[in-house]
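Mapping the sequence shown onto our numbering, position 29 (from 1) lands on 73, and the numbers just tick up by one. The beta carbon of each residue, even a glycine, is placed where N, CA and C say it ideally should be.
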Amino acid sequence: MTVESGVAPSEISQTLEENDIIDDADAFTEYLEDEDYSQLVQLGEFELSSDMDHNEIAETLTN
């Protein structure tokens, strides 16, 4: 997955859902906001899989 400048967390969540990485885009967006990850998402390319839980995905996107 590629995260580009200006992409909102909800757009990231939607892309993840469309690619069958997560089941519920709204729940993942809420997780990012509740756990304070939403402002920490980095730009770049990330390898994600459906085997990852919300925390693992969030950690990957913010490192």
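- Look at Glu-55 here: in three-state DSSP terms it is helix.
- Taking the CA atoms as reference points, Met-96 sits about 8 Å from Ile-65.
- Of all alpha-carbon atoms in Glu-89, Asn-99, Asp-67, the one lying nearest the alpha-carbon of Val-47 is that of Glu-89.
- Per DSSP, the continuous alpha helix (DSSP H) segment holding Ile-101 begins and ends at 98-106.
- Nearest in C-alpha terms to Val-85, of all of Ile-101, Ser-94, Ser-93, is Ile-101.
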